[in-house]
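Remarks on the structure that follows.
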Amino acid sequence: MKTIDWTRDELVAYILLFAANSDFKEDNKERNVIISKVDMQTFQEIHDEFDNDNDYQGIKKIMTSLEQHNYSKDDIDILLADIKVLFFSDGEFNTLEQNMLRFLEKLLKN
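The numbering of the sequence shown is UniProt numbering, which starts it at 1 and goes up by one.
Below is the structure:
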């Protein structure tokens, strides 16, 4: 894949949106967690892009952008902690979310 012209905030917003949609619903509490990490304009722009991507495109974009931004192990750990906060924000950590967390841990730590 070519380069992705995302800022670090846009990358974080995309990854959190990807995670939030793992159970096929994105509730207001999850949106609020994402907006607490990035500004509203970034959230909306990335949300529009996310809505137009399939899972494969999303994964490729995430991997390309992580590489471009030279994410360190510590950066990945912080990102995974944010994902956990997102998953617990609605008071439920269901099987789909648990599976997505495992998947993202493997994907991001490669």
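Where is the CB? At the ideal position from N, CA and C, for every residue including glycine.
- Put simply, the stretch 50-64 does not touch the stretch 86-99. Fewer than three CB pairs are less than 8 Å apart.
- Comparing C-alpha distances from residue 37 to each of 25, 62, 104, 14 shows the shortest one belongs to 14.
- Using a Cβ-Cβ distance cut-off of 8 Å, the stretch 74-88 and the stretch 18-25 are in contact, since at least three pairs of beta carbons, one from each stretch, lie closer than that value.
- Residue burial is scored here from C-beta neighbours: residue 34 has at least 16 other C-beta atoms within 10 angstroms and is therefore classed as buried.
- Across the structure, residue 45 and residue 103 are spaced so that their CA atoms are roughly 25 Å apart.
- In this structure residue 80 touches residue 108 by the C-beta definition: roughly 7 Å separates them, less than 8 Å.
- Residue 32 and residue 40 have their C-alpha atoms spaced approximately 10 Å apart.
- If you draw a 10 Å sphere on the C-beta of residue 62, you find 16 or more other C-beta atoms in it, and that means buried.
- Straight-line spacing of the CA atoms in residue 76 and residue 95 works out to 22 Å.
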